[in-house]
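Undergrad: Numbering (the working numbering), first residue to last: 46 to 386.
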Amino acid sequence: MAADSREVCIFRGPVQLPPGSTLVSDADEEVFLQYTNLATHGPLDITDGFRGLGHVDSCKDVLTITFKVDISKEGDANATIGRRSKRRSHRSGTEVIEKVFEVELAQDKTAFRTRKGDTGSVVWRASVDFAQLILRQYHTRDPQALLNPAFVSETHILELGAGTGLLGIVFSSLVARYTVTDIEALVPLMQKNLENNLPNFSPPPAKHPSQSRKQIPYRPGAIVTAEALDWQTLLTASPYLRHFICPFAPVDLLLVVDCIYHPSLLPALLATIDYLTIPSKTAVLVVIELRAEDVVREFLEGWLNLSPNGLWEIWSVPDVMEGPYAVWIGWKCLPLAEGPP
46 MAADSREVCI FRGPVQLPPG STLVSDADEE VFLQYTNLAT HGPLDITDGF
96 RGLGHVDSCK DVLTITFKVD ISKEGDANAT IGRRSKRRSH RSGTEVIEKV
146 FEVELAQDKT AFRTRKGDTG SVVWRASVDF AQLILRQYHT RDPQALLNPA
196 FVSETHILEL GAGTGLLGIV FSSLVARYTV TDIEALVPLM QKNLENNLPN
246 FSPPPAKHPS QSRKQIPYRP GAIVTAEALD WQTLLTASPY LRHFICPFAP
296 VDLLLVVDCI YHPSLLPALL ATIDYLTIPS KTAVLVVIEL RAEDVVREFL
346 EGWLNLSPNG LWEIWSVPDV MEGPYAVWIG WKCLPLAEGP P
């Protein structure tokens, strides 16, 4: 796995690789190390005593997700959302602010149980845990944060398989633009949750995606959009049609959180990642819950094989999330220019 290992942060636009990140060159070795590390951590401490497949609670129509971040008084001058409570640290004597973020999410538990292949209608723990990580790193000004604070406010994040839209809601105040995408059937659920949690969010007035984007002015509070994106459709589309399927603004960060679970979807997911990634611009951040080892291996092999000429560079980020997770960051490098004949 570790063809290279970094002891300093590497910056790629809106993301940074923390020290200890390793370059992935062999899928088998990476999978072995990930599952060996998982085994050494022992059983998970789950509050409700049951983790299941990884969803939070598929029996409720509405979930309230609460995030808490402890911040020193001087550590979060730019925070604009969430409520605060104050207390004093007994160790340092400095004032500590507990910042609380609450998100209320509608779920479609009926679709989750009855619609074939539907996993996005409920909230999954990986998204909750990832959101908690990013909020903590951002508001505490962690120098090794995954999202580079110098660039994140100017970033366009596009999320694949966004499901209920949780991350688009949580990260809406951090970035310039956030696009949540999923299959057409989930767009109404995403729009409902965005509208309920973001006061200035307005669903597009027109049905045609390209018309909607032109009619909505770019303004604070209207930077989060929900769009349909079917990976299978993109996979089988001609190069000409792909432009109409994905007419998105250039993406700075492509976010893929807990989307790797069924081997039949991997070719389409990888094709979508490859198509949306702009060389030397777009970073890809993948977070997965480690379930079926063979599926994880197949995904990594496919990702590494997207560019036999070495355009893709994929890094493993260890110990950044507590729990049964793996985190990878990748990007395309520009091909080397050929010299004169």
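Every residue gets a Cβ at the ideal spot worked out from N, C-alpha and C, and that includes glycine.
Could you check if residue 311 is buried or exposed, using at least 16 other CB atoms within 10 Å of its CB as the buried criterion?
TA: Position 266 of the sequence shown holds residue 311. Burial call: buried.
Undergrad: Looking only at DSSP bridge pairs, what is residue 361 linked to?
TA: Sequence index remark: in the sequence shown, residue 361 carries index 316 (1-based). DSSP lists 67 and 373 as the bridge partner or partners of residue 361.
Undergrad: Start and end of the beta strand (DSSP E) containing residue 333?
TA: To locate residue 333, count along the sequence shown from 1; it is residue 288. 328-334 is the extent of the beta strand (DSSP E) around residue 333.
Undergrad: Rounded to whole angstroms, how far is the Cβ of residue 192 from the Cβ of residue 59, which I believe are closer than 8 Å?
TA: For the purposes of this step, residue 192 is taken as residue 147 along the sequence shown, with counting starting at 1. For the purposes of this step, residue 59 is taken as residue 14 along the sequence shown, with counting starting at 1. With 8 Å as the limit, residue 192 and residue 59 qualify as a contact, their Cβ atoms being about 6 Å apart.
Undergrad: What span of residues does the beta strand (DSSP E) with residue 417 cover, start to end?
TA: Nothing can be reported for residue 417: it is not among the residues displayed for the chain, which extend from 46 to 386.
Undergrad: DSSP on residue 272, reduced to helix/strand/coil?
TA: In the sequence shown, residue 272 corresponds to position 227, counting from 1. Residue 272 falls in the strand class under three-state DSSP.
Undergrad: Is there contact between the segment 338-347 and the segment 277-290, where contact requires at least three CB pairs shorter than 8 Å?
TA: no
Undergrad: Residue 141 to residue 183, Cα distance in whole Å?
TA: The sequence position of residue 141 within the sequence shown is 96, counting from 1. The sequence position of residue 183 within the sequence shown is 138, counting from 1. Distance between the alpha carbons of residue 141 and residue 183 is about 16 Å.
Undergrad: Run through the DSSP bridge pairs and tell me what residue 107 is partnered with.
TA: As a first step, residue 107 must be located in the sequence shown, where it is residue number 62. 151.
Undergrad: To the nearest angstrom, report how far apart residue 323 and residue 378 are at their CA atoms.
TA: Within the sequence shown, residue 323 is the residue found at index 278, counting from 1. Within the sequence shown, residue 378 is the residue found at index 333, counting from 1. Between residue 323 and residue 378, the C-alpha separation is close to 9 Å.
Undergrad: How many whole angstroms separate the CB atoms of residue 327 and residue 276, which I take to be in contact at a CB cut-off of 8 Å?
TA: Within the sequence shown, numbered from 1, the residue matching residue 327 stands at position 282. Within the sequence shown, numbered from 1, the residue matching residue 276 stands at position 231. Their Cβ separation, rounded to whole angstroms, is 17 Å, which puts residue 327 and residue 276 out of contact at 8 Å.
Undergrad: So who's on the other strand from residue 204, going by DSSP bridges?
TA: Within the sequence shown, numbered from 1, the residue matching residue 204 stands at position 159. Per DSSP, 225 and 300.
Undergrad: Cutting at 7 Å between CB atoms, please list the residues of its own chain near residue 200, excluding the five before and the five after it.
TA: Looking up residue 200 in the sequence shown gives position 155. Result list for residue 200: 59, 220, 221, 297 and 298, in chain order.
Undergrad: My output table needs one value for residue 277: the three-state DSSP class, helix, strand or coil.
TA: Here residue 277 corresponds to residue number 232 of the sequence shown, with the count starting at 1. In the structure shown, residue 277 sits in a helix (DSSP, three-state: H, G or I).
Undergrad: How big is the Cα-Cα spacing for residue 196 and residue 217?
TA: Taking the first residue of the sequence shown as 1, we reach residue 196 at position 151. Taking the first residue of the sequence shown as 1, we reach residue 217 at position 172. Approximately 15 Å between the Cα atoms of the pair.
Undergrad: Between the C-alpha atoms of residue 178 and residue 337, what's the straight-line distance to the nearest angstrom?
TA: As a first step, residue 178 must be located in the sequence shown, where it is residue number 133. As a first step, residue 337 must be located in the sequence shown, where it is residue number 292. Straight-line Cα distance between these residues: approximately 24 Å.
Undergrad: Between residue 313 and residue 274, which are expected to be in contact by the criterion C-beta below 8 Å, what is the C-beta distance as a whole number of angstroms?
TA: As a position in the sequence shown, residue 313 is number 268, starting the count at 1. As a position in the sequence shown, residue 274 is number 229, starting the count at 1. Actually they are not in contact, since the Cβ atoms of residue 313 and residue 274 sit about 11 Å apart, beyond 8 Å.
Undergrad: Residue 62 lies in the beta strand (DSSP E); which residues open and close that run?
TA: To locate residue 62, count along the sequence shown from 1; it is residue 17. Run containing residue 62: 60-62, per the beta strand (DSSP E) assignment.
Undergrad: In chain order, what residues of the same chain have a beta carbon less than 8 Å from the beta carbon of residue 107, not counting five sequence neighbours either side?
TA: Here residue 107 refers to the residue found at position 62 of the sequence shown. Contacts found: 149, 150, 151 and 152.
Undergrad: Work out the CA separation of residue 203 and residue 315 for me, nearest whole Å.
TA: The count along the sequence shown starts at 1 and reaches residue 315 at position 270. The count along the sequence shown starts at 1 and reaches residue 203 at position 158. Cα-Cα distance, rounded: 15 Å.
Undergrad: Output the distance between the C-alpha atoms of residue 167 and residue 303, rounded to the nearest integer angstrom.
TA: Along the sequence shown, one-based indexing puts residue 167 at 122. Along the sequence shown, one-based indexing puts residue 303 at 258. Residue 167 and residue 303: Cα-Cα distance of roughly 12 Å.
Undergrad: For residue 245, count neighbouring C-beta atoms within 10 Å of its own C-beta (all shown protein chains included) and say buried if the count is 16 or more, exposed if not.
TA: To locate residue 245, count along the sequence shown from 1; it is residue 200. By the C-beta density criterion, residue 245 is exposed, having fewer than 16 other C-beta atoms within 10 angstroms.
Undergrad: Given this structure, state the Cα-to-Cα distance separating residue 110 from residue 240, to the nearest angstrom.
TA: One-based indexing of the sequence shown puts residue 110 at position 65. One-based indexing of the sequence shown puts residue 240 at position 195. If you take the alpha carbons of residue 110 and residue 240, they lie about 16 Å apart.
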